[in-house]
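Enquirer:
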Amino acid sequence: MSATTYEEVLSLFKETELRLKDLERITREQGRQIGGLGDKFGYFTEGLALPSMERILTERFGMTFIMPRVRIRKNGEEIELDVLAYANDDVNLAIVVEVKSRVKIDAIEQLRKIMVRFRELFPEHGNKMIMGILAGVDWERGVEEKARKAGFLTASIRDEIFQLTTPEGFEARRW
Numbered sequence: 074m075s076a077t078t079y080e081e082v083l084s085l086f087k088e089t090e091l092r093l094k095d096l097e098r099i100t101r102e103q104g105r106q107i108g109g110l111g112d113k114f115g116y117f118t119e120g121l122a123l124p125s126m127e128r129i130l131t132e133r134f135g136m137t138f139i140m141p142r143v144r145i146r147k148n149g150e151e152i153e154l155d156v157l158a159y160a161n162d163d164v165n166l167a168i169v170v171e172v173k174s175r176v177k178i179d180a181i182e183q184l185r186k187i188m189v190r191f192r193e194l195f196p197e198h199g200n201k202m203i204m205g206i207l208a209g210v211d212w213e214r215g216v217e218e219k220a221r222k223a224g225f226l227t228a229s230i231r232d233e234i235f236q237l238t239t240p241e242g243f244e245a246r247r248w
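When we follow the working numbering, the leftmost residue of the sequence shown carries the number 74, and every step to the right adds one.
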């Protein structure tokens, strides 16, 4: 058995370094692809929710404008709303709908932050009352109740359509 030379060891280190760089590149690429799949699944869920959510917003709340995937760019930041609905005149209300395939506890804070900043982001709706709806396909245990305690209406998929799941008499917080 021959002894490994210094040059051979250096060569092995260089080869290992090249393989690690290649592995890092592959890992970054896979992360990007997985993120893209998550976005596509989110868009699918939003598309699934939209027809029944439009019905709820129109029939129950009198919304006359319903816009999916609203993006606003302001002061160097971009915010996207899954659905923004509003009505002027006697109704004078705006509703923000956040749709999730899997609703986790952080979704409540995400929607709350949007509600707090709504008038800053949409000054043209500054005179309206604002409500939020958190809609989801699969809810982590206890999150739906916590969302209602935060003042949000909740919606889940039942019999292939989204339905409000807030108890009778529930009063959503008006922001």
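We put the CB at the ideal spot given by N, CA and C, even for glycine.
Rounded to whole angstroms, what is the Cα-Cα separation between Glu80 and Lys94?
Expert: One C-alpha to the other measures close to 21 Å.
Enquirer: Out of Val189, Leu226, Lys219 and Ile234, which one is the CA nearest neighbour of Val210?
Expert: If we check each option's Cα against that of Val210, Ile234 comes out closest.
Enquirer: Quick check on Met204: does DSSP put it in helix, strand or coil?
Expert: The answer is strand: DSSP assigns Met204 an E or B state.
Enquirer: If Val170 and Val189 are in contact, beta carbons under 8 Å, what's the gap, nearest whole angstrom?
Expert: The Cβ separation is near 17 Å, so there is no contact.
Enquirer: Output the residue ranges of the alpha helix (DSSP H) runs that lie fully inside the segment 116-182 and measure 4 residues or longer, sorted by chain position.
Expert: Counting only runs of 4 or more, we get nothing.
Enquirer: Look at the Cβ atom of Ala158, then the Cβ atom of Leu130, and state whether they are nearer than 7 Å.
Expert: Against a cut-off of 7 Å, the Cβ pair of Leu130 and Ala158 comes out as a contact.
Enquirer: Out of Glu218, Glu90, Trp248 and Asp179, point me to the one whose CA is closest to Met202's CA.
Expert: Considering only alpha carbons, the answer is Trp248.
Enquirer: Let me make sure I understand the geometry here. Which of Ile152, Leu226, Val164 and Ala208 has the alpha-carbon closest to that of Ser174?
Expert: Looking at the Cα atoms, Ala208 is the closest of the given residues.
Enquirer: Just verifying my parser: in three-state terms, what is the DSSP assignment at Ser75?
Expert: Coil at Ser75, not helix or strand.
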